[in-house]
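Written below as structure tokens is the structure these notes are about.
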Amino acid sequence: MRNNLAARRAERGWSQAHLAELLGVSRQTVISIERSRFDPSLPLAFRIAEVFECRIEDVFTPATEN
Amino acid sequence: MPGTPAPTAPTTRAPLSAYLLMVAVGLALAAGLGTIASVLREQQPALTFAVFSMTLLPACLGVSWLIFVAGHTTAPPEHAEEGVETNWLQRATSGAFFDVITLLGLGLVAVAITGIELSVLPALAAVLFTAMADASVRYLVLSRREG
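Chains as they are written, first to last, in the working numbering: chain A, 13 to 78; chain B, 215 to 361.
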């Protein structure tokens, strides 16, 4: 999956460490998600959407979708 | 969730009592295991006690540190099970498990055909070392590739 997590995080001026604290995961997890090298679990994806006050599909899109 | 407070940051040092307890329990555990070994092996009990106690001391101190000190100095993320490190660990150990099963199968066939007599201790040590090394290398590769 692709995602715009890095852009949304930058909009809010958050560091990766701060976002990781909000999500209850490690900073490495945030890094891997932002690089699209790790697809988060559904509960984590819901928490990401909740943190950014949007829907999951606003953050994540299938890799095949243009 | 945006207003969720950050988890309490761990302190860099545990109280002195925790370190003292860690050392005391670690020493007692190593001495206890050394005593068991010296009782079960009838030859040179003093030497057996010393060798087993000393070789097991690092592992015992490690376990003791995990129980008494780690809680003060480290704080795992609230949802560590959903982290990428857990994912890597699960994949690494799963892959290592199948590697060890394959290795054991091939080894068993080789031993059965050749009729070589193997002692249990080095064989078990080899299996353990292979499993740990395999999982470690797999974890390292995954973390480099996907980190």
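The beta carbon of each residue, even a glycine, is placed where N, CA and C say it ideally should be.
Secondary structure of residue i, DSSP reduced to three states
i	result
Phe-311 (chain B)	helix
Phe-58 (chain A)	helix
Glu-256 (chain B)	coil
Leu-356 (chain B)	helix
Phe-50 (chain A)	coil
Glu-295 (chain B)	helix
Thr-222 (chain B)	The pLDDT assigned to Thr-222 (chain B) is 45, lower than 50, so where the model puts this residue is not dependable; a value taken from the coordinates is nonetheless given after this. Three-state DSSP puts Thr-222 (chain B) in coil, outside helix and strand.
Thr-288 (chain B)	coil
Ile-43 (chain A)	helix
Ser-231 (chain B)	helix
Phe-64 (chain A)	coil
Ala-29 (chain A)	helix
Leu-176 (chain B)	Missing from the structure shown is residue 176 (chain B); chain B here goes from 215 to 361 and no further.
Leu-332 (chain B)	coil
Gly-36 (chain A)	coil
Val-283 (chain B)	coil
Gly-361 (chain B)	coil
Gly-217 (chain B)	Confidence in Gly-217 (chain B) is poor, its pLDDT being 40 and thus under 50, which makes the residue's placement too unreliable to answer from.
Best match in the options for proximity to residue i [C-alpha to C-alpha]
i	options	result
Leu-234 (chain B)	B:Glu-296, B:Ala-306, B:Gly-319 and B:Ile-281	B:Ile-281
Val-314 (chain B)	B:Phe-343, B:Ser-231 and B:Val-277	B:Phe-343
Val-239 (chain B)	B:Val-323, B:Ala-337 and B:Trp-279	B:Trp-279
Ser-38 (chain A)	B:Val-351, B:Phe-311, B:Arg-227 and B:Val-298	B:Val-298
Pro-5 (chain A)	B:Thr-249, B:Ser-267, B:Thr-316 and B:His-293	In the structure as shown, chain A starts at 13 and stops at 78, and residue 5 (chain A) therefore has no counterpart that could be examined.
Ala-19 (chain A)	A:Asp-70, A:Ser-53 and A:Thr-76	A:Asp-70
Thr-288 (chain B)	B:Gly-361, B:Arg-359, B:Arg-227 and B:Leu-356	B:Arg-227
Ser-44 (chain A)	B:Phe-263, B:Glu-296 and B:Pro-290	B:Glu-296
Trp-26 (chain A)	A:Met-13, A:Val-42 and A:Asn-15	A:Val-42
Ala-345 (chain B)	B:Gln-258, B:Ser-308, B:Leu-332 and B:Pro-290	B:Ser-308
Glu-185 (chain B)	A:Gln-40, A:Ala-75, A:Thr-73 and A:Ala-57	Outside the displayed range of chain B (215 to 361) lies residue 185 (chain B), so it cannot be described from this structure.
Residues that DSSP places opposite residue i in a beta bridge
i	result
Phe-343 (chain B)	Answer by DSSP bridge pairing: none, since Phe-343 (chain B) is not bridged.
Arg-14 (chain A)	A:Thr-73
>> For the segment 264–278 of chain B against the segment 236–250 of chain B, do three or more pairs of beta-carbon atoms, one drawn from each stretch, fall closer than 8 Å, so that the two count as touching?
In response: Flag = yes, the segment 264–278 of chain B and the segment 236–250 of chain B touch.
> Would you call the segment 34–41 of chain A and the segment 52–69 of chain A touching, i.e. three or more CB-CB distances under 8 Å?
Replying inline: With a cut-off of 8 Å, the segment 52–69 of chain A and the segment 34–41 of chain A count as touching, because enough Cβ pairs lie within range.
> Mind listing which residues of the segment 23–36 of chain A have their C-beta closer than 8 Å to chain B's C-betas, in chain order?
Replying inline: Of all residues in the segment 23–36 of chain A, the ones placed with a Cβ closer than 8 Å to any Cβ belonging to chain B are His-30, Ala-32, Glu-33, Leu-34, Leu-35 and Gly-36, in chain order.
>> Whether or not the segment 284–302 of chain B and the segment 253–263 of chain B are in contact is what I'm after, with contact meaning three or more pairs of Cβ atoms, one per stretch, closer than 8 Å; do they touch?
In response: Contact check between the segment 253–263 of chain B and the segment 284–302 of chain B: fewer than three CB pairs, one atom from each, fall below 8 Å, which does not count as touching.
>> So if I threshold CB-CB distances at 7 Å, which residues from the segment 297–309 of chain B count as touching chain A?
In response: Of all residues in the segment 297–309 of chain B, Gly-297, Val-298, Glu-299 and Asn-301 have a Cβ within less than 7 Å of some Cβ in chain A.
> Hey, is the segment 35–50 of chain A in contact with the segment 303–322 of chain B, meaning 3+ C-beta pairs nearer than 8 Å?
Replying inline: Judged by Cβ distances under 8 Å, the segment 35–50 of chain A makes no contact with the segment 303–322 of chain B, as fewer than three pairs qualify.
> Going along the segment 265–286 of chain B in order, which residues come within less than 7 Å of chain A, judged by CB to CB distance?
Replying inline: Correct list: empty, as no residue qualifies.
> In chain order, what residues of the segment 52–64 of chain A put their CB closer than 8 Å to some CB of chain B?
Replying inline: Taking 8 Å as the upper bound on Cβ-Cβ separation, chain B lies near residues Pro-52, Ser-53, Pro-55, Leu-56, Arg-59, Glu-62 and Val-63 of the segment 52–64 of chain A.
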